[in-house]
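This report refers to the structure that appears directly beneath it.
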Amino acid sequence: MASLSKKKTARLKRKKRIRKKVSGTAQRPRLTVFRSARHIYAQVIDDTQGRTLVSVSTLEKDLKAQVESKGKIDSAVMAGKMIGERALSQGIERVVFDRNGFRYHGRVKAISDSAREAGLKF
Numbered sequence: 001m002a003s004l005s006k007k008k009t010a011r012l013k014r015k016k017r018i019r020k021k022v023s024g025t026a027q028r029p030r031l032t033v034f035r036s037a038r039h040i041y042a043q044v045i046d047d048t049q050g051r052t053l054v055s056v057s058t059l060e061k062d063l064k065a066q067v068e069s070k071g072k073i074d075s076a077v078m079a080g081k082m083i084g085e086r087a088l089s090q091g092i093e094r095v096v097f098d099r100n101g102f103r104y105h106g107r108v109k110a111i112s113d114s115a116r117e118a119g120l121k122f
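The sequence shown: position 6 = 6 (UniProt numbering), numbered continuously.
What follows is the structure, given as structure tokens:
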């Protein structure tokens with residue numbers, strides 16, 4: 001980690017601290033969010049089996065077409081709505097939220113709020 005920036009190193013330390021406490025089970029999988037400079041990714045993961053149950057990304061064709069002219073927060077809202085709908089269609093109603101070391105504001109907050117509005121319970 002010596003070559004990483006201070007900002008990224010701090011995020012990875014926060015991520016480790018969070019992951020010690022947060023784990024997804026079959027009854028309550030983990031909703032994890034990763035945000036890059038341009039895109040946002042969300043996955044619902046069952047850590048006991050090590051499987052991704054549902055995923056969404058702003059790079060997907062159906063979401064990318066809607067997001068092209070929108071801002072980053074609007075695209076995160078759409079991704080959150082889509083992850084909520086996909087999870088409910090798979091029979092997943094309750095999740096634990098893993099912000100992946102990112103601060104809970106902006107796009108991370110937008111994706112979690114819209115997933116709640118779609119019907120997921122945190």
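Glycine residues also receive a C-beta, built at the ideal position from the N, C-alpha and C atoms.
Pick helix, strand or coil for I45, following the three-state DSSP scheme.
-> I45 falls in the strand class under three-state DSSP.
Contacts around R114, its chain only, beta-carbon distance under 6 Å, and the 5 residues preceding and following it disregarded = A small fix is needed here, since residue 114 is Ser in this sequence, not Arg. Within its own chain, the residues whose Cβ lies closer than 6 Å to the Cβ of S114, once the five positions on either side in sequence are excluded, are V77, G80 and K81, listed in chain order.
Tell whether a beta-carbon distance below 8 Å holds between S75 and I40.
-> Taking 8 Å as the cut-off, the Cβ atoms of S75 and I40 count as close.
Could I get the ranges of all uninterrupted alpha helix (DSSP H) runs contained in the segment 71-108, with 4 residues as the minimum, in chain order?
-> Segments of the alpha helix (DSSP H) lying fully in the segment 71-108: 72-89.
Spatial distance of A26 from L53 (CA atoms) | So the two alpha carbons sit approximately 10 Å from each other.
Given that a residue counts as buried once 16 or more other Cβ atoms are within 10 Å of its Cβ, and exposed if not, what is G119?
-> Exposed, by the Cβ-count rule.
Would you please state the rounded distance, in angstroms, between the beta carbons of V22 and R30? I believe it to be under 8 Å.
-> Confirmed, about 6 Å.
When DSSP builds the beta bridges, which residues end up paired with S55?
-> Bridge partners of S55: Q43.
Residue burial classification, A42 (beta-carbon count within 10 angstroms, cutoff 16) = Around the beta carbon of A42, 16 or more other beta carbons sit within 10 angstroms, so the residue counts as buried.
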